[in-house]
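Quick notes on the structure that follows.
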Amino acid sequence: MSGCVFCGIVAGEVPAFTVTDEPDGVAFLDTRPVFKGHVLVVPRTHLVTIADLPAETLPGYFRLVRRIAVAVQSGLGSGGTFVAMNNTVSQSVPHLHTHVVPRTKGDGLRGFFWPRTRYADDDEAKGFAERISAALA
1 MSGCVFCGIV
11 AGEVPAFTVT
21 DEPDGVAFLD
31 TRPVFKGHVL
41 VVPRTHLVTI
51 ADLPAETLPG
61 YFRLVRRIAV
71 AVQSGLGSGG
81 TFVAMNNTVS
91 QSVPHLHTHV
101 VPRTKGDGLR
111 GFFWPRTRYA
121 DDDEAKGFAE
131 RISAALA
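Structure representation (structure tokens):
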């Protein structure tokens, strides 16, 4: 869809730190991560909410989300992950996306308050993307 930043990333027209690009979706680092290694997983087609996701694509999309969650934890050595999706309310980009956030005990994340951080530079972001990508099973 014209003007959608996530569609631009999927099409390769907008730069991103891509973790994986597969038929079921594309996963890339969030530019304003809750914690470093925060990944967004998006379907390849422009859909706004989970209600728009065709039933036949659910297994592949959520299989990819699960693989990313496992890869974030193993690739970054985090204690676990937080997997979340906003639909319309608090959805900063109107393109369906699933957040996969690395978690560690005592990381300070409470409820739905999502503090944001930044990568020191592109090299640091690229390193996080590569570590997660290498851990994909």
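Quick note, in UniProt numbering, the sequence shown goes up one by one and the last residue is 137.
Note that the Cβ used here is the ideal one computed from N, Cα and C, for glycine as well.
Quick caveat: nothing in here was measured; it's all calculated off a predicted structure.
Asked	Found
Would you kindly work out how many angstroms separate the C-alpha atoms of arginine 66 and valine 26, rounded to a whole number?	13 Å
Could you tell me whether the stretch 127-135 touches the stretch 18-38, where touching means 3 or more Cβ pairs closer than 8 Å?	yes
In chain order, which alpha helix (DSSP H) runs of at least 4 residues are fully inside the UniProt domain "HIT" (5-110)?	5-10, 58-76
Between phenylalanine 35 and the rest of its own chain, which residues show a CB-CB distance below 7 Å, the 5 nearest in sequence each way excluded?	Val101, Pro102, Asp107, Thr117
Whose C-alpha, out of Tyr119, Pro59, Asp121, Gly37, is nearest the C-alpha of threonine 104?	Gly37
Taking leucine 64 and valine 83 to be in contact with their CB atoms under 8 Å, please state how far apart those CB atoms are, rounded to whole angstroms.	12 Å between Cβ atoms; not a contact.
Indicate the three-state DSSP secondary structure (helix, strand or coil) for aspartate 121 in the structure shown.	coil
Tell me, to the nearest whole angstrom, how far the beta carbon of alanine 71 is from that of leucine 136; I am working on the premise that it is less than 8 Å.	5 Å
Does DSSP classify glycine 3 as helix, strand or coil?	coil
Return the CA-CA distance between leucine 53 and threonine 18, expressed in angstroms with no decimal places.	22 Å
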